[in-house]
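Everything on this sheet refers to the single structure shown next.
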Amino acid sequence: MRGNIFFLFFILLMTISQSNAKQFKNAYISFEIPERWDCQLEATEWICRSQDTNESKEAIIILTAKEVGPSDSLAIYENHLKNPIQATIKTGGTIQSQVVTSPQQKQINNLTWIDGFHLSSEIQNYYTRYLATIKERIAVLVTFSAHKDFYSKYATDLFRAINSLNVIATKNSLSDPSMQGPGGSLGPISTGQGGGGAYAEFEPINPNKDGGKKNKLIFLVIAIALAGLGLVLLLKKKKK
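Spelled out as structure tokens, the structure:
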């Protein structure tokens, strides 16, 4: 039921959005990203995010791929995403993610993907949508993460990106440098622990810092309003 609500919510956002998109394509996958975004290869992972400094902290897409091993299967991925994922936080401790929606199989461009949705599985206070699939000898993982306070802002972009996923890899793609190494953060595709890889270098939003600024602004507005009210009452008193 909850999954259906999220789906309907994304459909609604798609119908009202007028944002432009462009296609990202590498040796093994293609999909649409916002016009203002860019993708860069870092080690064994492709990192996609906004070119705007502030927006780059709000959302991120990470792509990884590897040769299929004996422990790789859609069933294993699905089972992995059914359970909370342990993630490392900046303070050095660990937290358990919240499974927002149970993983399920999703058909995208004639290929079956495992689709899962967690909160705080890669970065604390960030929603992460996992899409994992296998095509011939290649396992592919794409993660879409956005801070919980900004997820609605990027929901349309992420919905469009997910539904445009197209695995174009061939057996020869395994010779591409971007497909070597573990990468990813999903069970047998990597170490099986969130918060690793490119996420370890991602600079998240500091809720306390941002919240402090908002609180100061609120207090300032209240102070100005009270001062204005006091001045009005004082002038009325003088007139009497």
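Under my numbering, residue 243 is the last one in the sequence shown; the count climbs by one each step, no gaps. C-beta atoms are modelled at their ideal positions from N, C-alpha and C, and glycine is treated no differently.
In angstroms, rounded to a whole number, what distance separates the CA positions of residue i and residue j?
i: Gln108; j: Val145; result: 15 Å
i: Gly184; j: Thr47; result: For Gly184, the predicted structure reports a pLDDT of 44, less than 50, and the residue's modelled location is therefore unreliable. A value from the coordinates is still provided. About 6 Å.
i: Ser100; j: Ile126; result: 9 Å
i: Gln43; j: Leu161; result: 18 Å
i: Asp41; j: Asp55; result: 10 Å
i: Tyr130; j: Ala203; result: 16 Å
i: Lys156; j: His150; result: 10 Å
i: Pro73; j: Thr97; result: 29 Å
i: Ile79; j: Lys69; result: 16 Å
i: Asn112; j: Ser167; result: 7 Å
i: Ser59; j: Asn23; result: 17 Å
i: Val143; j: Gln110; result: 15 Å
i: Ile36; j: Ala90; result: 26 Å
For the beta strand (DSSP E) holding residue i, just list the boundary residues, first then last.
i: Ile117; result: 114-122
i: Glu58; result: Here Glu58 belongs to no beta strand (DSSP E), and DSSP marks it neither H nor E.
Measuring from the CB of residue i, is there a heavy atom of the ligand SAM at a distance below 7 Å?
i: Arg39; result: This structure lacks the ligand SAM; in fact it carries no ligand of any kind.
Would DSSP call residue i helix, strand or coil?
i: Ser155; result: helix
i: Arg163; result: helix
i: Ala24; result: strand
i: Ala142; result: strand
i: Ala172; result: coil
i: Lys216; result: Here the model assigns Lys216 a pLDDT of 48, short of 50, so the residue's position is not dependable, and the following value carries that caveat. Helix at Lys216.
From the DSSP output, read off the bridge partner residues of residue i.
i: Phe147; result: Ile64, Arg132
i: Ile137; result: Ala142
In chain order, each alpha helix (DSSP H) run of at least 4 residues that lies wholly inside the stretch 27-115
77-84
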